[in-house]
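Residue numbers (the numbering used here), protein chains in the order written: chain A, 1 to 349; chain B, 1001 to 1513; chain C, 2001 to 2339.
Below is one structure; the comments refer to it alone.
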Amino acid sequence: MTRILKHRLFWPLIALAVLLAINAITQPRFMKITVRDGELYGALIDILRNSAPLMLVALGMTIVIATRGIDLSVGAIMAVSGAVGLTIIDSSGSPENLGTVAVAVVVAVLVALVLGVWNGFLVSVLKIQPIIATLVLMLAGRGVALLITGGFITTVNSGPFEFIASGYILGLPFAFLLAMAAVAAVGIFERRTALGVLTEAVGINPEASRLAGVRSRSIIWSAYVLSGTLAGVAGIIYASNIKAADANAAGLFIELNAILAVVLGGTSLMGGKFSIAGTVIGVFIIQTLESTILFLGVPSAQSPVFFAAVVVIVVLVQSPRVHRAGRHFTQAIRNRGSSPVPADSEVAA
Amino acid sequence: MTNPADDDVLPIVQMRGITISFPGVLALDAVDFFLRSGEVHALMGENGAGKSTLIKALTGVYSIDSGSIVVAGQAQEFGSTHDAQAAGIATVYQEVNLCTNLSVGENVMLGHEPRKGGRIDWSALHREAARYLSGLGIHVDTHSLLSSHSIAIQQLVAISRAMVLDSKVLILDEPTSSLDRGEVEQLFSVIRDLRDTGVAILFVSHFLEQVYEISDRITVLRNGALVGEYLAKELPRDELVKKMIGRELDDLAALSVASSRPIDRATTPVLRAKGVGKRGMLEPADVDVFSGEVVGIAGLLGSGRTELVRLLYGADKAETGHIEIQGSTAKVTSPRHAIDHRIAFSSEDRREEGIVADLTVAENIVLGIQARKGWFRKVRASEQDAIVREYIEALGVRPADPNMIAGNLSGGNQQKVLLGRWLATAPKLIILDEPTRGIDVGAKADIQRKVAELSAAGLSVIFISSELEEVLRLAQRVVVMRDRRRIGELTSQDVSLDGLIDFIANKDEGTAA
Amino acid sequence: MTTMEIAPPERAAKNPGLQTFLGRHASLMPTFAALAILILLFVGAQIYFGNFISARNISALLLDNAYLLILAVGMTFVIVTGGIDLSVGSVMAFTGILLAKMLGTGIPAVVAVPTILVGGAVIGLLIGVLVQYFNVQPFIASLAGLFLARGLAYVVSLSSIKVEDTSLLWLQSTRLKVGDWYITPTGIIALLVVVVGALVMQFTRFGRTIYAIGGSESSAHLMGLNVARTKVMVYVISGVCAGLAGLVLTAYTGAGYPRNGIGTELDAIAAVVIGGTLLTGGRGYVLGSMIGVFVYGSITTVISFMGAEQSWTRIIVGSLLLLFIVVQRAIVARSERRR
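Here it is, written out as structure tokens:
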């Protein structure tokens, strides 16, 4: 078992290491970490902090993909969650109050959870294809978020709320710690309980799992609830970061980045065996790439071109065709000095 | 044994010295194989004998390491399936390889649609398709969707397509697995017609009786090597089996004691089903199973055997009737309910409904227990290791590696893993639907022996098999089904194989049993 | 030769004519449903607004959605093979702004237009090759295409570029009138694409191969069809359609804008699915997708008539898509049970 995991994490880790090395070599200040007021700063720390929303979304996406599903609505759920949270804070009259912020966050995440329940219902009870089921919310969700904010970009000034995205605890960004806590919690829960292996069974062979007595429905349903909830938290972090609720921009393309992170980490889109550690590495690769691109002075709007290249490289590396070609190549080099192949023996009847 | 050198006319397909190896495995070792026009030739051998490898060499799926293939006098080197098709070799696989979303006519003519001025001429297409179909005596609405027809008809459409391609060689790979008796007759009549027009037919099947019914010649492979080529009428059945497995059939004969074991039927039955049925699936039926008893369910394909047990297990929801477990009425509308009542079910389709391919053998075996415990309470590692080791050993799973990916095991070993999964849940009743189908004779014997052992120790078993001898060997009672209803019951002791067949075919439903 | 009559068992048909019709044309049912919805929409809007069904409105319906219509035709080809193309919105934006830029720098339209079509084709080719020869899932491969095209659009220009070229603007400004009905060259282009698409799907071997692949790729391969080339070609076609859509959209708005088409692929997919094409492939019609586009367009028109916010369009389309899917599933489930 560990052999397989090691193999799967090998390439992603190498990719991440290469990326970091390129950065370290071309700009030394990339690796520099400074300490100010007991808080760490630097390009690497930025990567850790900025990766939080994607980490949460990709975490949920990993589990959903393991059940042979997909959640395209996470970006829209982020937008809704941000809109709900900010509207509560904005209309409360006491945006600085910690209690108000707490309520706003809790309600926003609960709304996101309910949206996850909705997705799960469509997929596990009505048996609608995940792409279509979550496409519905992807289409409609942003519209709903826009309606909540009345079409405007609501902004707030709230210390406690801003802390979520910019605050520090124990020297590290709070957002990063929050994301890591979620990763640890989900990871431990999946492997300590049987949820992980049962999820894999459901993803690999849903009918066999049903006949074996596995409660597929609740496993699949809970995957979407988890995904929605985590997207809700991600939405709060995002809103906290820009101190506003932007229904159109929140989480734009994040579902695609999340799927990419999951695939980079070695989990197959066909469902079944999954790797949370792989997803974490995948998220860091994406985040590092984004930072690298920004550092190179490329306008962030053009960065998708690099991501296209990443996707292509990743799939080429993982492709069996390329492996085969590589094997033939090394074989040919090895055979250069050996004797010629014997002629076919024709056996007479 | 026949010798190609004695032929008057050159065989249309001559394969000589075919050798194919994969990393670590020599699949075919210098095998010779010949197909003659106007003949039905059966290829026999256990799983792993090299049958499918040889066929894949002939159909262009695999390339050969050494040897030669000559078709109609021309040396061939098949680089792809298209090359084989171009050489006149057509194949109809077990899973009918047609497009069910298209019409019958289109399937027949796909790739060769008649065209008029660059566009497809649909009326001509349907006319031609109908012509090919009726040429084989098949009358189907060519406009209808292929998916609206039974597998049997779909197979016949696939064969018609082979004729459109003007094939000289027709390979039929396990064509009768999903057909009932009537459909097999239809298929065989089409095969005979084709043979009489000069097509060379290669027939692969596990059903010995059918092989003898239709084949003129038989080639036997064992462990990748050629055992010999024989005329069917000169090779008795037990000799054929001996050549296939290389050992005597005594193991199986010894089991006939099992069905004569006395069963105490005075106690409460482990399971009593009364009037269990579902519209469009099964007429209300009754079944009783007592402790330590093996109840066989026999009937033709499509008679409702699987439907009945799926209703008993809750895999499908029954609409009528009720079930009593150990005397008290029980609700069994989902597999979970059945499992809670200590009933286990090993499905017919072990690949789609049984084995979770990417999980390990260990995870597969523990799955039943784990599913019952739920998400939260994981089976402890030490407990898991002990259980897995026990069942791998008891059932003889090869290779005996708990960390092997289950999908890589052979069919027989997968069946054993599945059995292990269910036995590990310590059921009171286990339902086995075709547990020995498509697996080699050695594994078959192992499983049958295990079933006999366990039932003697008190486990109740419901056993479905298309091989009636197997049923008579293991079961004390046999429930007989026909056309989705139960038509009667027999005591194995009191009936012979012929008697059972007669009962299945002719028993008048009016009389009680 | 024995003449054994082999025929499927007689099914006691209550209504044999209808039974045969349904048996033959089961895959048309979803498209008929879409048509029914379109009619309902029109009738409902007519009752509510009084002047909905007018020559002017219907002509505008076609022209306002010409770009989506073209995208939907290309998307139909891809989805029927069981694939999906998420890049079309971005490719449309990229080709649109590239066209604007080329025209802006004096390159004549006769050169610029074919160039952007080739551009769309190349991106489609990239996706197709990834899908077919490297076994990449269409979702991921077209995702790469989406990233590439979106980034390239911004590389061409970070902001919008107005088009002054009269040969392009002519496509949108010219109106051929018949009474109150009018159509522009862009509308004609869109309709032509629909007609050509439908004919290819129905009457060419290439088109039938597409359906075969959607039904069962392995069977299609074993039946000797050229699966590889066809699968790559559908993505190329989708890319060319995206290029055409870029042309049409740029002519329509009079400018290229790199932020165009965000989410438009979803609108195209929704239109295709509402129009009766199964996302799993093997069934669907180009004409159905056209109906789906008109449903989408009608909803947008109704929303703007009502003076409500445009964000409602996506909500309603989303809900409609959901309703459609649920009904489709129910019908499929029932027909499977009957058999």
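From the three backbone atoms N, C-alpha and C, an ideal C-beta is built for every residue, glycine too.
Values in this document were obtained by computation on a predicted structure and should not be read as measured data.
Query raised in the report: Listed from N- to C-terminal order along the chain, which residues in the region 2184-2212 of chain C have their beta-carbon within a distance smaller than 9 Å of any beta-carbon of chain B?
Result: Near chain B, meaning a CB-to-CB distance below 9 Å, the residues of the region 2184-2212 of chain C are 2199, 2202, 2203, 2204, 2205, 2207, 2208, 2209, 2211 and 2212.
Query raised in the report: Any idea if residue 2133/C is buried or exposed, counting beta-carbon neighbours within 10 angstroms, 16 or more meaning buried?
Result: Here residue 2133/C is exposed, its C-beta having fewer than 16 other C-beta atoms within 10 Å.
Query raised in the report: Does residue 1008/B come within less than 9 Å of chain A when only Cβ atoms are used?
Result: no
Requested in this report: Check distances from the C-beta atoms of the region 1342-1373 of chain B to those of chain A and list, in chain order, the residues that come in under 8 Å.
Outcome: 1345, 1347, 1352, 1353, 1354, 1355, 1356, 1357, 1358, 1359, 1360, 1363, 1367, 1368, 1370, 1371, 1372 and 1373
Query raised in the report: Does any residue of chain A bring its CB to less than 9 Å from the CB of residue 2083/C?
Result: no
Query raised in the report: For residue 1335/B and chain A, any beta-carbon pair shorter than 9 Å?
Result: So yes, residue 1335/B belongs to the interface.
Query raised in the report: Can the beta-carbon of residue 59/A be found closer than 9 Å to that of residue 230/A?
Result: yes
Query - Outcome for residue 2165/C when other beta-carbon atoms lying within 10 angstroms are tallied against a minimum of 16 - result: buried
Query raised in the report: With contact counted as at least three CB pairs below 8 Å, one residue from each stretch, are the region 2266-2280 of chain C and the region 2300-2307 of chain C in contact?
Result: Verdict: no, contact absent.
Query raised in the report: At which residue ranges does the region 1354-1385 of chain B contain complete alpha helix (DSSP H) runs of 4 or more residues, listed in the order of the chain?
Result: 1361-1373
Requested in this report: List the residues of chain C whose Cβ lies closer than 9 Å to the Cβ of residue 1120/B, in chain order.
Outcome: 2202, 2203, 2204, 2205, 2207 and 2208
Requested in this report: Please report the residue range of the alpha helix (DSSP H) in which residue 2125/C lies.
Outcome: Note, residue 2125/C: alpha helix (DSSP H), 2109-2133.
Query raised in the report: Over what stretch of residues does the beta strand (DSSP E) that includes residue 288/A continue unbroken?
Result: From DSSP, residue 288/A is part of no beta strand (DSSP E) but of the alpha helix (DSSP H) over 276-295.
Query raised in the report: Interface residues of chain B around residue 2033/C at Cβ under 9 Å?
Result: Ordered by position in chain B, no residue passes the 9 Å Cβ test against residue 2033/C, which lies about 18 Å from the chain.
Query raised in the report: Curious, which full-length alpha helix (DSSP H) runs of at least 4 residues does the region 1099-1129 of chain B contain?
Result: 1104-1109
Requested in this report: Ignoring anything shorter than 4 residues or poking outside the region 204-287 of chain A, list the alpha helix (DSSP H) runs there in chain order.
Outcome: 206-211, 216-242 and 254-264
Query raised in the report: Between the C-alpha atoms of residue 1269/B and residue 1380/B, what's the straight-line distance to the nearest angstrom?
Result: 34 Å
Query raised in the report: Helix, strand or coil: which one does DSSP assign to residue 1428/B?
Result: coil
**Report entry** With 16 other Cβ atoms within 10 Å as the buried cut-off, status of residue 2280/C
**Finding:** Classification for residue 2280/C: exposed.
Query - Whole-angstrom distance between residue 1422/B and residue 1248/B, CA atom to CA atom - result: Here the model assigns residue 1248/B a pLDDT of 41, short of 50, so the residue's position is not dependable and the matter cannot be decided.
Requested in this report: For residue 68/A, name the three-state secondary structure that DSSP assigns.
Outcome: coil
Query raised in the report: Taking the Cβ atom as the reference point for each residue, do residue 1405/B and residue 1360/B lie within a distance shorter than 9 Å?
Result: yes
Requested in this report: Starting from residue 1055/B, follow the beta strand (DSSP E) in both directions and report where the run begins and ends.
Outcome: Looking at the DSSP string, residue 1055/B is not in any beta strand (DSSP E); the run it does join, the alpha helix (DSSP H), is 1051-1058.
Query raised in the report: Do residue 1202/B and residue 1058/B have their C-beta atoms within less than 9 Å of each other?
Result: Yes. Within cutoff.
Report task. Could you tell me which of 2265/C, 2146/C, 2250/C and 2243/C sits nearest to residue 2173/C, measuring between CA atoms? Result -> 2250/C
Query raised in the report: With a Cβ-Cβ cutoff of 9 Å, do residue 1460/B and residue 1293/B count as a contact?
Result: Yes. Within cutoff.
Requested in this report: For residue 157/A, count neighbouring C-beta atoms within 10 Å of its own C-beta (all shown protein chains included) and say buried if the count is 16 or more, exposed if not.
Outcome: exposed
Report task. Under 8 Å by Cβ, that's how I've got residue 2284/C and residue 2127/C pegged, so tell me the actual separation to the nearest angstrom. Result -> With 8 Å as the limit, residue 2284/C and residue 2127/C do not qualify as a contact, their Cβ atoms being about 20 Å apart.
Requested in this report: My understanding is that residue 1282/B touches residue 1304/B, with C-beta atoms under 8 Å, so please give their C-beta distance in whole angstroms.
Outcome: About 5 Å separates the CB atoms of residue 1282/B and residue 1304/B; that is less than 8 Å, so the two are in contact.
Query raised in the report: How many whole angstroms separate the CB atoms of residue 57/A and residue 254/A, which I take to be in contact at a CB cut-off of 8 Å?
Result: 6 Å
Query - Proximal residues, the region 248-273 of chain A versus chain B, C-beta separation under 8 Å - result: 272 and 273
Query - Contacting positions in the region 140-159 of chain A - beta carbon closer than 7 Å to chain C - result: Per Cβ criterion, the list reads 140, 142, 143, 144, 146, 147 and 151.
**Report entry** Residue span of the alpha helix (DSSP H) that contains residue 2138/C, given as start and end
**Finding:** 2138-2156
Query - Limits of the unbroken beta strand (DSSP E) element including residue 2083/C - result: Run containing residue 2083/C: none; DSSP gives neither H nor E here.
**Report entry** Assigned exposure category for residue 1095/B - 16 Cβ within 10 Å defines buried
**Finding:** exposed
Report task. Determine, using beta carbons only, whether residue 1044/B and residue 1031/B come nearer to each other than 9 Å. Result -> no
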